[in-house]
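Numbering (this note's numbering), first residue to last: 367 to 546. Just so it is clear, CB atoms sit at the ideal spot from N, CA and C, and this is done for glycine as well.
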């Protein structure tokens, strides 16, 4: 599949790498021919998951490329994810309604649907926590899983056009955010 091949290239950092709590932040200012996936804009994006899905977000990676930043949510388990994403100035945690403090002027609220708790798949908790940003992305915060939805907050200095794609082998949700 052509899209998957492009995604595999994009996931291989060729620049400097820094490891923060076992999460890779890669800087690739040269870009190495990597281009953003999909059509980017600032509108809300949603896709319902295909049932049944039993997925766990096992890792989050952030990388900078020429003209855009990429956030990758690696998935383990079976099924196809869905998502609901939108910009907000004041993100709140699903279920509790507690405010989520983040770095940056705005947050991209990322909800990945079709997810479950790691122990339900016999996996250890990946303990993603907060992943350091790169480029326009200030940080990515794991806000937990609740009722089949895993929530993440991407901190940004301004609303920027973004696109969302699902790539396979391995399964992952990829968000490309155009740089200002």
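When secondary structure is reduced to three states using DSSP, residue 484 falls in the helix class.
Put simply, the stretch 488 to 504 does not touch the stretch 457 to 467. Fewer than three CB pairs are less than 8 Å apart. Residue pairing for residue 510: DSSP places it in a beta bridge opposite 517. With a cut-off of 8 Å on Cβ pairs, the stretch 469 to 476 is not in contact with the stretch 399 to 408, counting fewer than three such pairs. The Cβ atoms of residue 439 and residue 426 lie closer than 7 Å to each other. Shown here, residue 534 sits in coil according to DSSP, grouped into three states, outside any helix or strand. Under the three-state reduction of DSSP, residue 425 is assigned to strand.
The three-state reading of DSSP puts residue 464 in coil, since its state is none of H, G, I, E or B.
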